[in-house]
Amino acid sequence: MWTIKSDERLELYDEEEDEVIAILLWDERFLNWKLYYRYTGGSGYAYLDSMEGFGKLDIEPVEMAAVETIIDYCKEKANLWEGRAEDMEAML
């Protein structure tokens, strides 16, 4: 569930894990939202993407687009690791 922390910060909170997993920050310089995603097993956040085409008040659409971006990112990483696992199995 996204929580509005301020007019320039939204947080995606995972109730099951009891932690913030993503942050959207409004970038006043570039007039777009920046998406940050929590490191796996870490305590920090990595820049994931600029959410282009959304204004500062486009809260619901940017939230939905951010979730889609996170899903695509996770699928990409899963495919990458699956490929590496197959490569390692082939070496055995």
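The sequence shown: position 55 = 54 (numbering that gives the first Met the number 0), numbered continuously. Ideal placement from N, C-alpha and C gives every residue a C-beta, glycine not left out.
- Judged by beta-carbon spacing, R37 lies beyond the 9 Å limit of W25, meaning their Cβ atoms are not closer than that value.
- A distance below 8 Å between beta-carbons, with the five flanking residues on each side excluded, links E27 to the following residues of its chain, in chain order: E7.
- Here Y38 carries a coil assignment [DSSP, helix/strand/coil].
- According to the DSSP secondary-structure assignment, E88 is paired through a beta bridge with no residue.
- Each of E10, T2, L34, S42 was checked against the Cα of Y72, and the nearest Cα belongs to L34.
- Y12 and K4 have their alpha carbons spaced roughly 11 Å apart.
- Straight-line spacing of the CA atoms in V61 and L30 works out to 13 Å.
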